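Peer 1: Those letters in the sequence shown? Residues -20 to -1, 1 to 152, per mature numbering (1 follows the signal peptide of the UniProt record, and there is no 0), in order.
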Amino acid sequence: MLLCLGCCVVWISPPFFVTAVVSSAGAGSSLQVHAVRFSPGQELLGCLQAFVEERRLRAPFIITCVGSVTKATLRLASATATNANEVIHLTGRFEIVSFVGTLNPEAHLHISLADSEGKTIGGHVLGDLEIFTTAEVVVGEAVDLQFTRELDQQTGYPELVVRERSQTNLSA
């Protein structure tokens, strides 16, 4: 069954779950694509943030990434009301098997890494993604939008806010 949520059309099948769209902007956006390769020893998160800043991208996100790292600092999804998320520091040689998220100044990125035995671990990227051989990244930008983060009273965290760029002071 096709379902129109106002901001998108989705295919759904039983059981049906529809949740509220919290932040959405208008009828969509044009897409601009940037491809970049980073070299051994570079720190991937910092390089991506510099790339986004240099090009003044306002609604950037990761389309795809392949590569490898020798270090990673990740926050695991283990938080409860009385226990903070565990932070892990990985060292070794890891293939990037998934890397997704938004790249506004307060980047929200998740990564999955596989070790030499194919075992995977993933989490929220905090930094220290030191490139081993390469990182080939395709970054998309929704050119008509602006991504920011604002404190969400419901979650207690800064969450993504999507606005049409024409409604911001950064329309140029």
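For every residue, glycine included, the Cβ atom is placed at its ideal position computed from N, Cα and C. Given the structure is predicted, the values throughout are model-derived calculations rather than measurements.
Can you give, in chain order, each stretch of the beta strand (DSSP E) that sits fully within the segment 46 to 132 and has at least 3 residues?
Peer 2: List check, beta strand (DSSP E) in window: 67 to 82, 88 to 94, 100 to 107, 111 to 122 and 125 to 131.
Peer 1: May I ask which residues mark the beginning and end of the alpha helix (DSSP H) holding E34?
Peer 2: Note, E34: alpha helix (DSSP H), L24 to E34.
Peer 1: Quick one: grab the DSSP three-state call for R38.
Peer 2: Residue state, collapsed to three classes: coil.
Peer 1: Does the segment 92 to 112 come close enough to the segment 72 to 81 that 3 or more CB-CB pairs lie under 8 Å?
Peer 2: At 8 Å Cβ cutoff, the stretches touch.
Peer 1: What do you reckon, are the CB atoms on residue 153 and K51 nearer than 7 Å?
Peer 2: Absent from the model: residue 153. The displayed extent of the chain is -20 to 152, so no value can be given.
Peer 1: Cα separation between V1 and V142?
Peer 2: At V1, the pLDDT of 47 sits below 50, so the modelled position is not reliable and the matter cannot be decided from this model.
Peer 1: My output table needs one value for Q134: the three-state DSSP class, helix, strand or coil.
Peer 2: Here Q134 sits in coil by DSSP.
Peer 1: In this structure, what does DSSP give as the bridge partners for R143?
Peer 2: Answer is Q126, bridged to R143.
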